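Below is one structure, written out as structure tokens; the observations come after it.
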Amino acid sequence: MAGRLLKVSTLATAVFASSRFYLCNRQVDLNDLSIIRFGRAAATTAVITYDYLTAFKDVEYGTDEYWALKSKVHLRSAERLRDLCCANRGTFIKVGQHLGALDYLLPEEYTSTLKVLHSQAPQSSIEEIKQVIREDLGKEISDLFLSFEENPHGAASLAQVHKAVLYDGRIVAIKVQHPKVQRQSSKDILVMEVLVRAVHWLFPDFAFMWLVEEAKKNMPLELDFLNEGCNAERVATMLAHFPFLKIPMIHWDLSTKRILTMEFADGGQVNDSDYMKKHGINVNEISENLGKMYSEMIFIHGFVHCDPHPGNVLVRKCPQSKKSEIILLDHGLYQILEPGFRLDYCRLWQALIKGNMSSVERYSRRMGAGDLYPLFACVLTTRSWAAVNAGISSVPITHSEDIEIRNNASLYIPQISDLLNRVPRQMLLLLKTNDLLRGIETTLQTRASSSSFINIARCCIRAMARHKRSKAQSWTRHLHISLAESLDLCRLNMYELFLWVRSSTLFHWLSTLVAFLH
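Set out below in structure tokens:
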């Protein structure tokens, strides 16, 4: 098997190299050609596969030498995958970024290596950007903008953003799609599908078809910037009651499927604790507010922004109110939760918070987890099975628990892959969103805070009460549901107050004094 793979790899490399030489002489951009992109991906996949097939043949399984070697193989394979994504760009970088967020599934060597793809996105030349604007808006940049910064303010896998000033003086951000992404994306996804199936044939435990299916479904939506603009306006209206949330206003007269022009809003990335310290922004307040808005999106409305990586979540002091604000960007990818799924998800989280294991099993099975429901509960909460059994609200998060979870993730990759192929497709983006949010909390060192599960509990209570009221047949039943909701929220508020008092300096001082007097 390894011998055949080596021959395939050698042949793919030879074809790739000779094609490159020929096409370079013809002055053709190699990245435009599907055969080159496929050859590069196939060669990388073959080399990585060959490495895994041959690296461990002389090492005894389970020894320290085995685990050290496995870590090295993971790291060099992750670096090869990262280099492939950077070379092929576009869709490959987008999928690589998704993989980098799968802390609950992939070994740390992969996630830490692929996370850099968020900051290594390609840039299109200013001539390419001008051409897209000319084709879509029908005018030259000088006719549309008083000034236009040629150096991009930021670059991502599918587009880049330029800062400009309109003739009326308003400052805007223009998001322009990389010109070749639209044409290449469907072919790139087909390449990924072929290679993932080939690797799955060699390694049956490698079950990543769910990732390809998600890319097939979501990429057309992310490449339609008019859809992104509609999503931005919808979520701005939906969460208008949160004064701390800023969604940039869309300029529809300067927007197309490949161009999105919006109000310019600047700030520091949400994981930049130095920026927050410098500007007097409370880290705990930001973490709590982020939890509030996402809990409301998920449990109340079922309309969820599914790409909250730090580059898409900025923080700043509002120029007018001088209060801390969260700026939410990149609204191309949203998950719409079906009502039945959303309610079961509410019930599952209520059971997880209370430690009601029979309900945890019941609603996990309803979501397709089957006998893997204990693993599902751990993946969903990123908590250990012991913490899930006790109720995640009553067991504080510790550093040792985080290490245990990460170590176990690499041991249970086949089972986790099986789980992800079982659950509904809408759960996959929720898991990605959960993991990105947990990553932000970990960076800000706020993950041990109780505010996260309190926000979830509050939204679950409201969501279930709203559902029950919609089914109520009489005003007395309606009143009973509303009173029960108010009582539950009051209890939760009292519990939150108790936790605040218990963590306060005054409480610790009084506890020390009582202990001393005793």
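Counted from 1, the sequence shown has number 676 at position 506 by our numbering; the numbering is strictly sequential. Where is the CB? At the ideal position from N, CA and C, for every residue including glycine. These figures come from a predicted structure and were not determined experimentally.
Which partner residues of residue i appear in the DSSP bridge assignment?
| i | result |
| --- | --- |
| Gln-505 | Val-474 |
| Val-331 | Gly-324, Lys-345 |
| Lys-641 | Lys-641 pairs with nothing; no bridge assigned. |
Under the three-state reduction of DSSP, which class applies to residue i: helix, strand or coil?
| i | result |
| --- | --- |
| Gly-324 | strand |
| Gln-439 | strand |
| Ser-317 | strand |
| Leu-409 | coil |
| Ile-417 | coil |
| Asn-388 | helix |
| Val-243 | helix |
| Gly-450 | coil |
| Leu-584 | The sequence given here has Pro at residue 584, not Leu. In this structure, Pro-584 counts as helix in the three-state DSSP scheme. |
| Val-593 | coil |
| Gln-267 | helix |
| Tyr-280 | helix |
| Gly-339 | coil |
| Leu-272 | coil |
| Arg-647 | helix |
| Phe-378 | coil |
| Ala-291 | coil |
| Val-565 | coil |
| Arg-576 | helix |
Would you report the Cα separation of residue i and residue j, rounded to the nearest angstrom?
| i | j | result |
| --- | --- | --- |
| Val-229 | Glu-458 | 48 Å |
| Ala-402 | Thr-233 | 52 Å |
| Tyr-515 | Ser-644 | 27 Å |
| Gln-439 | Met-419 | 20 Å |
| Gly-437 | Ala-560 | 40 Å |
| Gln-290 | Cys-255 | 10 Å |
| Leu-251 | Phe-262 | 10 Å |
| Asn-482 | His-268 | 14 Å |
| Asn-397 | Leu-498 | 16 Å |
| Lys-602 | Asn-578 | 18 Å |
| Trp-380 | Lys-240 | 25 Å |
| Ile-562 | Lys-524 | 7 Å |
| Ile-586 | Pro-509 | 26 Å |
| Leu-314 | Ile-341 | 13 Å |
| Ala-238 | Gly-266 | 25 Å |
| Leu-718 | Ile-299 | Past the boundaries of the shown model lies residue 718; the chain is included only from 171 to 688, so the question cannot be answered. |
| Ile-651 | Ala-406 | 29 Å |
| Leu-542 | Thr-281 | 24 Å |
| Gly-399 | Phe-511 | 26 Å |
| Asn-625 | Ser-465 | 6 Å |
| Tyr-231 | Ile-575 | 22 Å |
| Ser-529 | Arg-536 | 10 Å |
| Ser-427 | Asp-394 | It is Lys, not Ser, that sits at residue 427 in the sequence shown. Each residue's alpha carbon lies about 5 Å from the other. |
| His-637 | Ser-570 | 39 Å |
| Leu-550 | Ala-385 | 21 Å |
| Cys-194 | Ser-204 | Caution applies to Cys-194, whose pLDDT of 49 falls short of 50 and renders its modelled position unreliable; the model cannot decide the point. |
| Phe-668 | Asp-444 | 31 Å |
| Leu-507 | Cys-629 | 15 Å |
| Asn-388 | Val-671 | 45 Å |
| Lys-357 | Val-369 | 19 Å |
| His-332 | Ile-470 | 35 Å |
| Ala-213 | Lys-462 | 45 Å |
| Ile-218 | Ala-211 | 11 Å |
| Glu-666 | Pro-566 | 15 Å |
Note the first and the last residue of the continuous beta strand (DSSP E) segment covering residue i.
| i | result |
| --- | --- |
| Glu-433 | 429–433 |
Compare the C-beta of residue i against all C-beta atoms of chain B and say whether one is closer than 9 Å.
| i | result |
| --- | --- |
| Gln-352 | Annotation note: the requested chain B is absent from the structure, which comprises a single protein chain. |
First and last residue of the alpha helix (DSSP H) that includes residue i?
| i | result |
| --- | --- |
| Lys-357 | 351–372 |
| Arg-304 | 296–307 |
Could you give the uninterrupted runs of the alpha helix (DSSP H) lying entirely in the segment 209–239, keeping only those of 4 residues or more? none
What are the start and end residues of each continuous alpha helix (DSSP H) run of 4 or more residues lying completely inside the segment 603–633, in chain order? none
Pick out the complete beta strand (DSSP E) segments inside the segment 478–557, 3 residues or longer, and give them in chain order. 483–487, 494–498, 504–506
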